[in-house]
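Report on one structure; see the data block that follows.
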Amino acid sequence: MPKPLTTNTLFYGDNLPILREYLNDESIDLIYLDPPFNSNRDYNVLFKEESGLESTAQIQAFKDTWDWDKATQATFEDLRLTAPIPVQKLIQTFYDLLGPNQMTAYLVMMTTRLLELHRVLKPTGSLYLHCDPTASHYLKIIMDTIFGVANFRSEITWKRANAHNDPKRYGHIADILLYYGKTANVVWNPQYTPYRDEYYRSHFKKDSQGRFYRTMPLDAPRHGEGSPTLIYEWKGKLPAKTRTWAISKEKMAEYEQQGLLRYTKYGTPTLIKYADEMPGVPLQNIWTDLPPINPVAKERLGYPTQKPLALLERIIQASSNAGDWILDPFCGCGTAIVAAQKFNRNWVGIDNNYLTSTLQKNRLWDTFQILSQRDYLVKGDLILAEESMV
Ligand SMILES: C[S@@+](CC[C@H](N)C(=O)[O-])C[C@H]1O[C@@H](n2cnc3c(N)ncnc32)[C@H](O)[C@@H]1O
């Protein structure tokens, strides 16, 4: 059993052995992973000149191509022998269905890691798997098998671009986030989006001070005899026979005193709710309000596939609390760990590309003035590779 992590840590190296060697069972509250999608592309980092302009110098950051090689075959055999029986059956089915090709290699790579991620998640923990339609349908079956169908919580569609010119088909502008809980009892902090202008116009009125408000009924269905404390005369009016008041007489008097009651033409009290005191619209599973990072955005670091900070902020706020442990096992230029640090969560980031190390460290310094080995740990094989380059 590894020693429990007590300090925020960046690991460099393949996440599979790192998860096995350093992360305890049930030690993480929230996992966000944004693995390569099997897009069959190579991603390069564009470096900035001192002038701030992008240079033509590029280094390959990572390949998003998977081959059925000896290592994949070995992982496949291992899964067939040691994974839980439903996972053994599933991976064999993929192999039979698709053959030993790139997609199956990708699914083998993901299955073995998702098993480890499931192991390290606490019973109240959540996992968000960021992917796209290339493999999201297969990944969802894998997630259902490992986490259990009952622990599927949402499939989120994130609009990541405004338009895409995909010849002879609809433009692909959305990514998918598969959101699962380890159990039904997960950390959940509801998130809200502001009301849209049309919503204000259709659902609210303006008062004399220009504040938007709407009124809510203050009666409720009567069950059986109804609670005696909710059946009383208010300003000479009783609730209808099939209904009670929704609040006690004391509360009604309190609202009256605060000037929050408005009466219908029949004299029935209703409660005034001001829009600026309401949380907004509960967040739905289609996210169109988080724009992609534009080419001149301040947060843009030039790392391919960098995700907007606002996306990670939302996920971290919804599914964790201060002091919780956040893990991003494919952390790229460190978007998830920056969001975690911002909201006082503990964090672990893993990437197998040494190019990410400088980016992550600089980003943590520029944003929070925190230093590697002083404020957080840096571990892993690739440190040596990086140091030998200096
Ligand atoms: C899509 S990018 C993640 C981008 C990240 N969300 C961000 O905002 O910067 C995927 C990352 O996974 C890393 N990666 C790929 N295979 C890995 C593995 N086996 N172990 C650890 N990292 C891996 C790549 O180097 C790349 O940085």
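Sequential numbering from 26 applies to the sequence shown in the numbering used here.
Ideal Cβ placement from N, Cα and C applies to all residues, glycine included.
Rounded distance between the beta-carbons of residue j and residue i, thought under 8 angstroms
i: Ser-151; j: Leu-203; result: In fact, because the Cβ distance is near 11 angstroms, the residues do not count as touching under 8 angstroms.
i: Tyr-153; j: Tyr-47; result: The Cβ separation is near 21 angstroms, so there is no contact.
i: Gln-385; j: Gly-374; result: 7 angstroms
i: Pro-60; j: Met-135; result: 7 angstroms
i: Ile-362; j: Trp-372; result: 4 angstroms
i: Thr-159; j: Trp-312; result: Wrong, their Cβ atoms sit about 19 angstroms apart, outside the cutoff.
i: Gly-348; j: Leu-389; result: At roughly 19 angstroms, the Cβ-Cβ gap does not stay under 8 angstroms, so Gly-348 and Leu-389 are not in contact.
i: Asp-13; j: Phe-62; result: Outside the displayed range of the chain (26 to 415) lies residue 13, so it cannot be described from this structure.
i: Ser-179; j: Asn-310; result: 5 angstroms
Buried or exposed (CB count within 10 angstroms, at least 16 for buried), residue i
i: Lys-260; result: exposed
i: Asp-306; result: Residue identity check: residue 306 is Val in the sequence provided, not Asp. Result: exposed.
i: Ala-278; result: exposed
i: Thr-34; result: buried
i: Lys-95; result: exposed
i: Arg-221; result: exposed
i: Tyr-131; result: buried
i: Gly-357; result: buried
i: Leu-104; result: buried
i: Pro-111; result: exposed
i: Phe-393; result: exposed
i: Lys-193; result: exposed
Host alpha helix (DSSP H) of residue i (start-end)
i: Phe-355; result: Taken as a continuous stretch (DSSP letters only), Phe-355 belongs to no alpha helix (DSSP H), as it is neither H nor E.
i: Phe-172; result: 161-172
i: Asn-33; result: Where Asn-33 is concerned, there is no enclosing alpha helix (DSSP H), given that its DSSP letter is neither H nor E.
i: Phe-119; result: 110-123
i: Pro-42; result: 40-47
i: Asp-222; result: 222-228
i: Asp-244; result: Looking at the DSSP string, Asp-244 is not in any alpha helix (DSSP H); the run it does join, the beta strand (DSSP E), is 244-246.
Proximal residues to residue i (C-beta, below 8 angstroms), its chain only, five neighbours per side dropped
i: Met-414; result: Caution applies to Met-414, whose pLDDT of 47 falls short of 50 and renders its modelled position unreliable; the value that the coordinates give is listed next. These residues qualify, in order along the chain: Tyr-379.
i: Ala-271; result: Pro-242, Leu-243, Asp-244, Ala-245, Leu-255
i: Asn-210; result: Pro-148, Thr-149
i: Thr-100; result: Val-133, Met-134, Thr-137
i: Asn-300; result: Reading off the sequence shown, one finds Ala at residue 300, where the question assumed Asn. Closer than 8 angstroms at Cβ, skipping near neighbours: Tyr-220, Tyr-225, Phe-229, Arg-236, Phe-237, Tyr-238, Arg-239.
Opening and closing residue of the beta strand (DSSP E) in which residue i lies
i: Lys-184; result: 177-184
i: Ser-397; result: Note, Ser-397: premise wrong, no beta strand (DSSP E); not H, not E.
i: Ala-199; result: 199-206
i: His-155; result: 146-156
i: Leu-58; result: 53-58
i: Lys-332; result: Segment: none, Lys-332 is in no beta strand (DSSP E) and carries neither H nor E.
i: Phe-62; result: Per DSSP, Phe-62 belongs to no beta strand (DSSP E) and is neither H nor E.
i: Lys-298; result: 294-299
i: Lys-404; result: 402-405
Beta-carbon contacts of residue i that lie in its chain and below 6 angstroms, excluding the five residues immediately before and after
i: Met-26; result: none
i: Phe-36; result: Ile-43, Ile-375, Lys-404, Gly-405
i: Thr-354; result: The displayed chain sequence assigns Pro, not Thr, to residue 354. Answer for Pro-354: Asn-40, Leu-58, Ile-375, listed in chain order.
Residues of its chain near residue i, where Cβ-Cβ distance is below 7 angstroms and the 5 sequence neighbours each way are ignored
i: Leu-296; result: Thr-240, Met-241, Leu-243, Tyr-280, Leu-285, Leu-286
i: Leu-334; result: Glu-324, Thr-360, Val-363, Ala-364
i: Lys-184; result: Ile-198, Ala-199, Trp-312, Thr-313
(message) Counting beta carbon pairs with one atom in the stretch 227-245 and one in the stretch 166-186, are three or more of them shorter than 8 angstroms?
(response) Contact between the stretch 166-186 and the stretch 227-245 is not established, with fewer than three Cβ pairs separated by less than 8 angstroms.
(request) Decide yes or no for the touch test of the stretch 190-203 against the stretch 230-249: beta carbon pairs closer than 8 angstroms, at least 3 of them. (result) With a cut-off of 8 angstroms, the stretch 230-249 and the stretch 190-203 do not count as touching, because too few Cβ pairs lie within range.
(request) Give a yes or no on contact between the stretch 106-125 and the stretch 314-321, applying the rule of three or more CB pairs nearer than 8 angstroms. (result) No, the stretch 106-125 is not in contact with the stretch 314-321.
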